[in-house]
Amino acid sequence: MTETPAAAAEIADQAAYAAAVQTAVAASAAYYGAGDSTLDDDAFDRLVRGIAAYEEAHPGHVLAESPVGKVAGGAVVGDVPHTVPMLSLDNVFSPDDLVSWAAGLERRIGRPVARWSVEPKLDGLAISARYRGGRLVQLVTRGDGTAGEDVSHAIGLVRGLPDRLTEPVTVELRGEVLMTHAQFEAATTARTEAGGTPFANPRSAAAGSLRTRERTYAVEMTFFAYGALPLGEALPAHDLPHSEIMTWVAALGAATTDSTPVAGTTCASVREIQARVDAIAALRAELAFGIDGIVVKADHSADQRDAGLSSRAPRWAVAYKLPATEKITKLVGVEWNVGRTGVIAPRAVLEPVEVDGSVITYATLHNAADIARRDLRVGDHVTVYKAGDVIPRVEAPVVHLRTGDEQPIPAPECCPRCGDAIDDSQQRWRCVRGRGCHAVASVRYAVGRDQLDIEGLGEKIIDQLVAAGLITDFADLFTLTRDDLLTLDRMGETSTDNLLAAFDAARRKPLNKVFCALGIRGTGRSMSRRIARHFGTMDEIRAADADAFQEVEGVGPERAALLTAEIADLDALIGRLAAAGLTMTEPGTVPRSARLAAEAEAAEAAAEPGEATPAEADADLPLAGLSVVVTGSMTGPLAALTRNEVNELVERAGGRAASSVSARTSLLVAGEKAGSKRTKAESLDVEIVTPEEFAARVAAYL
Ligand code: IVH
């Protein structure tokens, strides 16, 4: 279950208390102002909770400027009065907190809450958008909650806030302005290209961009509404439940979370709320924008009215906070590593920091151009992002924390592995030797268990073979003689014979394994299986153009282009594999060209009754048309299988093996310790079976 146990900061005495108040007020002013706080959200929350704890123990010491209990930490004021104050939200951090909060609310109104509304807490800035006669006339920030700043100059830059609504209504929409991850990347590029310094994260980027009046580069932001208020005249949606007001707002043409995978839903009980909270938390890493929690509201207006407001927050709503996915740490260096395809990729070395449950020391940096675009320097404080299983990434430097001692990141002048030249004609740099640069790595990959599965060919032997010049790639393995192998250290007669037998077994592996062994960028085990099943033979794969590749599920234009380029690059190697007797067909599949011909014929003959077409034959398989996700540890008849082998089983039985649960998932095979995928499947009403039940269903294919 979703829980955030962040401890309050320890404040020992009155001096420490005063210093803490000062730090929090400054951080809050920066956060709500230019968006450049020196504290990440976690550190700020801990500090304010520490201050609150100290104040409770020492009521006599409370300073007037304390941020406790104030909207926006008491940081900012504006000059446009709000029609109704823009309040904050109280927080809960755990299932128990949620239960007590809901019970407290029901006690207050003297009856059960009729219905709850549950929606994501969007990580941006609150905005009030005023529409008169259906036209957008003014945008105002939250400010101190009573009055905000007029930012109407940003009209036109914010998606989801149309200039005109579909009806000529007068209404004030309230919601959040944010940058999606893609908008943040685009804004970073535009701003650094224009000579500006990068924003630390999407939230600061939205805050800064909203307030800037004159800008020489274009930025785009996104709005999602979470409420609507009357503006001088009663609303047609007056007194409707919150959820129905949101449906009305969406019909007016403004964006609501309804168009996202974490749409607002209604719940009848606290148990249902918790399930939805867990489901939203599980979807977090896949969203196109940041969320920092889930907002739970009493849905009916009568319940809201009876609950009332405190000076800071409504009593009918609460924010269930999720763990922070972003932290600030220091970039101590950059390593350049050569992968098995010869790509030279930079990796950030960080001062270790805990983010979303794990300690991060490395993070992805895509390429040299990316480093320049982000204006990163060694010694910078940087924002790092990680959610769930997502590979940690460096978002941006925190520019206002620079001391002047930061150093440019040196780029390698030659391949850091072999010293040969770098091909920098593409954004991704590559050693001019390509796969040959790190032959040991590409051979090791090709002979791995999920590829050609050549047992007995360990790293030490591969090292020797490469060093002796006996092989330069894995096709050469199949030309090795008994005598060649006997020259190697620690290779006796028996191990040599075993190895030769393993080479023979590898020759019999189906096309998908051979294709996977090529180690083409953008293809793993399941993509290789899909490609092999789609084309049926290596010749058809070699002849395929980008359009044909896009017929394969999960292949878009970019990957299709990469595939055709890589396959052309590997043509000679593939030819040598074929000559060495490796299997170039996928058993049990009909080649694409034959399938297309049969389909054309069937269409022409208007499907005369009789023989099944290949597609119909597939439809008889037990998992035909089903998308299956496997998670947790396997038991019973599946206990001995690797995850890849279970996925192969899924596909033999006609299903599609997927790695993450989504609305398209048909079946989840959940073993022990299934975790978040199970929660997500439950919330999406996906059928869930045990490994034993699944094994029974596909017994004929085991
Ligand atoms: S409702 C009366 N719903 O969170 C306050 N707020 O910490 C009603 N926020 O100022 C706010 N997503 O800017 C509401 N779905 C959501 C929200 C949301 C983000 C922000 C909002 C508010 C802040 C409070």
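The opening position of the sequence shown corresponds to residue 577 in our numbering, with each subsequent residue numbered one higher.
Just so you know, even glycine gets a beta-carbon here, dropped at the ideal spot from N, CA and C.
- Task: Check residue 824 in the structure and name its three-state DSSP category.
- Result: The residue labelled residue 824 in the question sits at position 248 within the sequence shown. Residue 824 falls in the helix class under three-state DSSP.
- Message: Can you tell me whether residue 576 sits near the ligand IVH, meaning its C-beta is under 7 Å from at least one heavy atom of the ligand?
- Response: There is no way to answer for residue 576, as the model of the chain reaches only from 577 to 1278.
- Query: Near residue 1074, which residues of its chain fall below 8 Å by C-beta distance, leaving aside the five closest residues on each side in sequence?
  - Reply: As a working note, residue 1074 is residue 498 in the sequence shown. Contacts found: 1031 and 1032.
- Message: Taking its Cβ as the centre, do 16 or more other Cβ atoms sit within 10 Å of residue 730, making it buried, or is it exposed?
- Response: Taking the sequence shown and counting its residues from 1, the one referred to as residue 730 is at position 154. Looking at its Cβ environment, which holds 16 or more other Cβ atoms inside 10 Å, residue 730 is buried.
- Message: Distance check for residue 972 and residue 1094, CA to CA, integer angstroms please.
- Response: To locate residue 1094, count along the sequence shown from 1; it is residue 518. To locate residue 972, count along the sequence shown from 1; it is residue 396. Cα-Cα distance, rounded: 35 Å.
- Task: Indicate whether residue 895 and residue 663 have their beta-carbon atoms separated by less than 8 Å.
- Result: By 1-based counting over the sequence shown, the position of residue 895 is 319. By 1-based counting over the sequence shown, the position of residue 663 is 87. The answer is no: Cβ separation not under 8 Å.
- Message: Taking the alpha carbon of residue 644 as the reference point, which residue from 917, 601 and 1005 has its own alpha carbon closest?
- Response: On the sequence shown, residue 644 is found 68 positions in, with the first residue counted as 1. The option with the nearest alpha carbon to residue 644 is 601.
- Query: Tell me which same chain residues have a C-beta within less than 8 Å of the C-beta of residue 519, skipping the five on either side of it?
  - Reply: In the structure as shown, the chain begins at 577 and stops at 1278. Residue 519 is therefore absent and cannot be evaluated.
- Task: Please indicate yes or no: does the CB of residue 1199 lie closer than 7 Å to some heavy atom of the ligand IVH?
- Result: Against the sequence shown, residue 1199 aligns to sequence position 623. No, the Cβ of residue 1199 stays beyond 7 Å of every heavy atom of the ligand IVH.
- Message: My output table needs one value for residue 1262: the three-state DSSP class, helix, strand or coil.
- Response: Reading the sequence shown from its first residue, position 686 is the one you call residue 1262. Of the three classes helix, strand and coil, the one that applies to residue 1262 here is coil, per DSSP.
- Message: Does the contact criterion of 3 or more C-beta pairs under 8 Å hold for the region 758 to 777 versus the region 812 to 827?
- Response: no
- Given a threshold of 16 other Cβ atoms within 10 Å of its Cβ, counted over all protein chains shown, does residue 1192 qualify as buried or as exposed? Here residue 1192 refers to the residue found at position 616 of the sequence shown. A caution first: residue 1192 carries a pLDDT of 49, below 50, which makes its placement in the model unreliable, though a value can still be read off. By the neighbour-count rule (16 or more Cβ atoms within 10 Å), residue 1192 is not buried but exposed.
- Item | Straight-line gap, residue 1136 to residue 1266 (C-alpha atoms, nearest Å) | Reading the sequence shown from its first residue, position 560 is the one you call residue 1136. Reading the sequence shown from its first residue, position 690 is the one you call residue 1266. Each residue's Cα considered, the two are about 36 Å apart.
- Is the beta carbon of residue 664 within less than 7 Å of some heavy atom of the ligand IVH? Position 88 of the sequence shown, counting from 1, holds the residue named residue 664. Yes, the Cβ of residue 664 comes within 7 Å of a heavy atom of the ligand IVH.
- Can residue 890 be considered in contact with the ligand IVH, in the sense that its beta carbon sits closer than 7 Å to one or more heavy atoms? The residue labelled residue 890 in the question sits at position 314 within the sequence shown. True, at least one ligand heavy atom lies under 7 Å from that Cβ.
- Task: Taking residue 1209 and residue 1249 to be in contact with their CB atoms under 8 Å, please state how far apart those CB atoms are, rounded to whole angstroms.
- Result: One-based indexing of the sequence shown puts residue 1209 at position 633. One-based indexing of the sequence shown puts residue 1249 at position 673. Contact flag correct, Cβ pair sits at about 6 Å.
- Query: If you draw a straight line from the alpha carbon of residue 705 to that of residue 927, how long is it in whole angstroms?
  - Reply: As a first step, residue 705 must be located in the sequence shown, where it is residue number 129. As a first step, residue 927 must be located in the sequence shown, where it is residue number 351. Answer to the nearest angstrom: the Cα atoms are 42 Å apart.
- Item | Contacting residues, own chain, Cβ-Cβ under 8 Å from residue 1012 (five flanking each side not counted) | As a working mapping, residue 1012 is identified with position 436 in the sequence shown. Only 918, 1048 and 1049 meet the Cβ criterion.
- Nearest-angstrom Cα separation, counted from residue 1128 out to residue 1180: The sequence position of residue 1180 within the sequence shown is 604, counting from 1. The sequence position of residue 1128 within the sequence shown is 552, counting from 1. Their Cα atoms are separated by approximately 25 Å.
- Message: DSSP three-state label for residue 601, please.
- Response: The count along the sequence shown starts at 1 and reaches residue 601 at position 25. Reduced to three states, the DSSP call for residue 601 is helix.
- Count the C-beta pairs between the region 786 to 801 and the region 827 to 838 that are closer than 8 Å, then say yes if the count reaches three, no if not. yes
- Message: What ranges does the alpha helix (DSSP H) occupy inside the region 859 to 914, keeping only unbroken runs of at least 4 residues that lie completely in it?
- Response: 877 to 883
- Flag residue 803 as yes when its Cβ comes closer than 7 Å to any non-hydrogen atom of the ligand IVH, and as no otherwise. The residue you call residue 803 lines up with position 227 of the sequence shown. Yes.
- Look at the alpha carbon of residue 863 and the alpha carbon of residue 898, and state the distance between them as a whole number of angstroms. For the purposes of this step, residue 863 is identified with residue 287 of the sequence shown, where counting begins at 1. For the purposes of this step, residue 898 is identified with residue 322 of the sequence shown, where counting begins at 1. Cα to Cα, the separation comes out at about 14 Å.
- Message: Rounded to whole angstroms, what is the Cα-Cα separation between residue 638 and residue 868?
- Response: The count along the sequence shown starts at 1 and reaches residue 638 at position 62. The count along the sequence shown starts at 1 and reaches residue 868 at position 292. Approximately 29 Å between the Cα atoms of the pair.
- Does DSSP put residue 637 in a helix, a strand or coil? Taking the first residue of the sequence shown as 1, we reach residue 637 at position 61. In the structure shown, residue 637 sits in a helix (DSSP, three-state: H, G or I).
- Task: Please go through the same chain and pick out, in chain order, the residues whose beta-carbon is closer than 8 Å to the beta-carbon of residue 990, but skip the five residues on each side of it.
- Result: For the purposes of this step, residue 990 is taken as the residue at position 414 of the sequence shown. For residue 990, where only same-chain residues beyond five positions count, the Cβ hits under 8 Å are 996, 997 and 998.
- Message: Taking a contact to mean a Cβ-Cβ separation below 8 Å, would you say residue 1006 touches residue 994 in this structure?
- Response: The residue given as residue 1006 occupies position 430 in the sequence shown. The residue given as residue 994 occupies position 418 in the sequence shown. No, the Cβ-Cβ distance between residue 1006 and residue 994 is not below 8 Å.
- Close beta carbons around residue 1260, own chain, < 8 Å, minus the five adjacent residues each side: Translated into positions along the sequence shown, residue 1260 becomes position 684. The answer, listed in chain order, is 855, 1237, 1238, 1239 and 1241.
- Task: Kindly indicate the opening and closing residues of the alpha helix (DSSP H) around residue 800.
- Result: Here residue 800 is taken as the residue at index 224 of the sequence shown, counted from 1. That residue, residue 800, is in no alpha helix (DSSP H); its beta strand (DSSP E) goes 797 to 806.
- Return the first residue and the last residue of the alpha helix (DSSP H) that residue 754 is part of. In the sequence shown, counting from the first residue as 1, residue 754 sits at position 178. That residue, residue 754, is in no alpha helix (DSSP H); its beta strand (DSSP E) goes 747 to 754.
- Message: Does residue 952 come out as helix, strand or coil in the three-state DSSP assignment?
- Response: Counting from one through the sequence shown, the residue named residue 952 turns up at place 376. The answer is coil: DSSP assigns residue 952 none of H, G, I, E or B.
- Message: Quick check on residue 913: buried or exposed, where buried means 16 or more other Cβ atoms within 10 Å of its Cβ?
- Response: Against the sequence shown, residue 913 aligns to sequence position 337. Classification of residue 913: exposed, given that the 10 Å Cβ count is below 16.
- Message: Is it buried or exposed, residue 1188, if we count other Cβ atoms within 10 angstroms and call 16 or more buried?
- Response: Looking up residue 1188 in the sequence shown gives position 612. Reliability of the predicted coordinates at residue 1188 is poor, the pLDDT of 49 falling under 50, and no value is obtained from them.
- Message: Between the alpha carbons of residue 659 and residue 688, how many angstroms are there, rounded?
- Response: On the sequence shown, position 83 is the one that residue 659 refers to. On the sequence shown, position 112 is the one that residue 688 refers to. The alpha-carbon atoms of residue 659 and residue 688 are separated by roughly 30 Å.
- Are at least three pairs of beta-carbons, each pair with one atom in the region 1050 to 1062 and one in the region 1103 to 1116, less than 8 Å apart? no
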